[in-house]
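Asks: The numbers in the UniProt record's numbering rise by one with no breaks, and the one at position 101 of the sequence shown is 101. For every residue, glycine included, the Cβ atom is placed at its ideal position computed from N, Cα and C.
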Amino acid sequence: MWRSEPPAERRFHVYGQDLAALQWDGEGLPILALHGWLDNAASFLPLAGKLPNPMVALDFAGHGHSDHRPADQATHYVDHVRDVLAVADALGWQRFVLMGHSMGAGVACLFAGTFPERVEKLVLIEGLGPPATAGDDAPDTLRKAIEQMLTLPGKRKPVYADPEQAVAARLPALGGLEEASARLLCERGLEPVEGGWTWRADARLRLTSSLRLTEEQVEGFVRAIRAPTLLILGDQGLGGDGRFDHRIAWLADVTVGRLPGRHHLHMDDPAPVATEIGAFLDG
């Protein structure tokens, strides 16, 4: 293990809201790390201890300790791209390693395709581009999103009597994860309420997105990526079924690391993942 000191808590004022992050000092190329859907910056706690690089792990808007989007503002996936740019600018990082897990990998691909001059290297864990919707399905998708939004005020987040109940509820997500990993995410992702504990995350994150890219648009972003790219896939994760194989062909310079593990392999067993990343960054 390279370091054991706890990370510093950071706040970045971005477009009228505060985004939280965890920051580690170190040596080498700086890494900006982006977590998955309904996760938070604690997703990178196990991995950060095994990499020597300076690292900032962001809580996306509506996740972890970051502010939620305003009530009158949609929670579009693509808006995370401008937040990432603003945080990188606040850090003074003109070129950096961008690392993302799952949804964070999708946002990282959009950023790296939109601002290729800012990304020195790209590390993707269990994700390659955002989910896509066929053009013909767009009207139904928008209708579903609006109908869900209209019913949201009458819904209440689940309340758990103690954090251990929340950990148990988190364990089965996306193929499951280790209890220690779920506990890390819950420690940062819960807040006390009357009767117990509930999720900090914005309830709107669970709704159907009203605006999704088509596969053709995703291809345009991925083909625009210029940075050398490392894609890490777990054999029991989202990439184990070959769903990303056709997108891999769109990358100009890609190394694929296939490792044993589930969707959260970077948390459950960080050492092999860190070894892959370290070799890639040193290459």
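#1: Assuming the contact rule is C-beta atoms closer than 8 Å, P235 and H68 should be a hit. Round their C-beta distance to whole Å, please.
#2: Just curious, the beta strand (DSSP E) that L58 is in, first and last residue?
#3: Would the region 106-121 and the region 47-58 be scored as touching if the rule is three or more Cβ pairs under 8 Å?
#4: For L110 and R212, I'd like the C-alpha separation in whole angstroms.
#5: Of all the options K157, S209, P46, which has the alpha carbon lying nearest to the alpha carbon of E147?
#6: Could you check what DSSP says for E120 in three-state terms: helix, strand or coil?
#7: Check whether the region 133-150 and the region 241-251 are in contact - that is, three or more C-beta pairs closer than 8 Å.
#8: Rounding to the nearest angstrom, what Cα-Cα distance links L230 and V87 in this structure?
#9: Please tell me whether G113 and I225 are closer than 7 Å, where the distance is taken between their beta carbons.
#10: Is R243 buried or exposed, if buried means 16 or more other CB atoms sit within 10 Å of its CB?
#11: Taking just the CA atoms, how far does M267 sit from W37?
#12: Can you give me the start and stop residues for the beta strand (DSSP E) that D18 sits inside?
#13: Using a Cβ-Cβ cutoff of less than 7 Å, which residues in the same chain neighbour A138 once the five nearest sequence positions on both sides are dropped?
#14: For the pair the region 157-169 and the region 185-202, tell me if three or more CB-CB distances fall below 8 Å.
#15: To the nearest angstrom, report how far apart R262 and Q94 are at their CA atoms.
#16: Should R170 go down as buried or exposed, given a rule of 16 or more other Cβ atoms within 10 Å for buried?
#17: With a CB to CB cut of under 6 Å and the five nearest residues on each side skipped, what residues in its chain are close to G104?
#18: Tell me which residue opens and which closes the alpha helix (DSSP H) that F111 is part of.
#19: Taking DSSP as the reference, what is the three-state secondary structure of F96?
#20: Please classify E276: is it buried, with 16 or more other beta-carbons within 10 angstroms of its beta-carbon, or exposed?
Replies: If we stick to the structure as given:
#1: The sequence as given places Asp at residue 235; Pro does not occur at that position. D235 to H68, Cβ: 36 Å. No contact.
#2: 55-58
#3: They do not touch, by the three-pair rule.
#4: Between the alpha carbons of L110 and R212 lies a distance of about 13 Å.
#5: From the listed residues K157, S209, P46, the smallest Cα separation to E147 is found for S209.
#6: strand
#7: no
#8: L230 and V87 have their alpha carbons spaced roughly 23 Å apart.
#9: Yes, they are a contact pair.
#10: exposed
#11: 15 Å
#12: 17-24
#13: none
#14: yes
#15: 33 Å
#16: buried
#17: L34, H35, G36
#18: 103-114
#19: In the three-state scheme derived from DSSP, where H, G and I count as helix and E and B as strand, F96 is classed as strand.
#20: buried
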